[in-house]
Ligand code: HPA
Ligand code: MG
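Residue numbers (the UniProt record's numbering): 1 to 215.
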């Protein structure tokens with residue numbers, strides 16, 4: 001079982017203690033995970049991933065759009081680690097989009113966009129990079145699709161995993177940054193109806209935010 005940092009149900013920071021863009025200040029409850037902590041944890045994930053996967057060509061697959069910040073920082077750490085540890089492997093990247101959310105609830109529909117380029121993963125070690133695993137249904141579906149392209153190995157890293165004992169499909173990724181309470185979070189590229197991606201820290205949205213940016 002992968003280790004992770006557990007964020008307790010009541011563990012938050014006052015938003016007054018951080019730099020929050022003014023246009024979002026009234027629409028956030030609190031800061032859950034400051035960006036500095038995300039980066040420190042990401043550095044360690046990169047090391048764990050490299051130890052397991054940097055034995056042959058590695059393809060990192062970014063799940064857009066929410067995964068882009070995490071992906072960007074994680075690949076930088078992986079490239080540094082891979083390039084300075086004596087032994088190194090070719091590292092390539094690819095981007096896909098999974099659509100499964102509307103408003104703040106989970107819908108049944110999962111669409112995989114950009115799958116045409118997936119033939120390049122054949123025979124390689126694949127690292128799927130995801131922002132958040134909620135029910136796990138989306139990831140299960142993606143793993144089915146990827147395996148059809150005959151990669152050597154597939155591992156999944158998710159920056160966040162939600163504690164959702166009732167909704168969860170019991171899927172757990174191979175590497176986890178943080179386990180978080182079952183609250184709707186935004187920031188560090190995670191959005192609510194395309195808003196809040198331009199927020200550095202992972203924050204909890206408030207009732208006013210849910211209302212203001214409802215589609
Ligand atoms: N925030 C943003 N996107 C999400 C979340 C969340 O809490 N859960 C699943 N997708
Ligand atoms: Mg996502």
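Cβ atoms here follow ideal geometry from the backbone N, Cα and C, with glycine treated the same way. Note that the structure is predicted; figures quoted are calculated from it, not measured.
Exposure of residue i, with buried meaning 16 or more beta-carbon neighbours within 10 Å
{"i": "residue 96", "result": "buried"}
{"i": "residue 14", "result": "exposed"}
{"i": "residue 52", "result": "exposed"}
{"i": "residue 56", "result": "exposed"}
{"i": "residue 173", "result": "buried"}
{"i": "residue 17", "result": "exposed"}
{"i": "residue 162", "result": "buried"}
{"i": "residue 114", "result": "exposed"}
{"i": "residue 73", "result": "buried"}
{"i": "residue 40", "result": "exposed"}
{"i": "residue 194", "result": "exposed"}
{"i": "residue 11", "result": "exposed"}
Residue i - DSSP class collapsed to helix/strand/coil
{"i": "residue 30", "result": "strand"}
{"i": "residue 179", "result": "strand"}
{"i": "residue 98", "result": "strand"}
{"i": "residue 107", "result": "In this prediction, residue 107 has a pLDDT of 49, which is less than 50 and means its spatial position is unreliable; what the coordinates show is noted afterwards. Three-state result, residue 107: strand."}
{"i": "residue 166", "result": "coil"}
{"i": "residue 153", "result": "strand"}
{"i": "residue 40", "result": "helix"}
{"i": "residue 62", "result": "strand"}
{"i": "residue 92", "result": "strand"}
{"i": "residue 194", "result": "coil"}
{"i": "residue 203", "result": "strand"}
{"i": "residue 120", "result": "helix"}
{"i": "residue 130", "result": "strand"}
{"i": "residue 20", "result": "coil"}
{"i": "residue 83", "result": "helix"}
{"i": "residue 14", "result": "coil"}
{"i": "residue 146", "result": "helix"}
{"i": "residue 7", "result": "coil"}
{"i": "residue 56", "result": "coil"}
{"i": "residue 187", "result": "strand"}
Beta-carbon proximity check, residue i vs residue j, cutoff 8 Å
{"i": "residue 202", "j": "residue 188", "result": "yes"}
{"i": "residue 180", "j": "residue 166", "result": "no"}
{"i": "residue 63", "j": "residue 129", "result": "yes"}
{"i": "residue 149", "j": "residue 119", "result": "yes"}
{"i": "residue 190", "j": "residue 66", "result": "yes"}
{"i": "residue 133", "j": "residue 171", "result": "yes"}
{"i": "residue 137", "j": "residue 169", "result": "yes"}
Residue i Cβ short of 7 Å to the ligand NAD heavy atom set
{"i": "residue 154", "result": "This structure simply doesn't include the ligand NAD; it includes the ligand HPA and the ligand MG instead."}
### Message
Counting beta carbon pairs with one atom in the stretch 121-139 and one in the stretch 147-166, are three or more of them shorter than 8 Å?
### Response
Judged by Cβ distances under 8 Å, the stretch 147-166 makes contact with the stretch 121-139, as three or more pairs qualify.
### Message
Would the stretch 12-29 count as touching the stretch 58-76 if we require 3 or more Cβ pairs under 8 Å?
### Response
Three or more Cβ pairs closer than 8 Å define a contact, and the stretch 12-29 falls short of that threshold against the stretch 58-76.
### Task
Count the C-beta pairs between the stretch 32-48 and the stretch 70-84 that are closer than 8 Å, then say yes if the count reaches three, no if not.
Yes, since at least three Cβ pairs between the stretch 32-48 and the stretch 70-84 fall closer than 8 Å, the two stretches touch.
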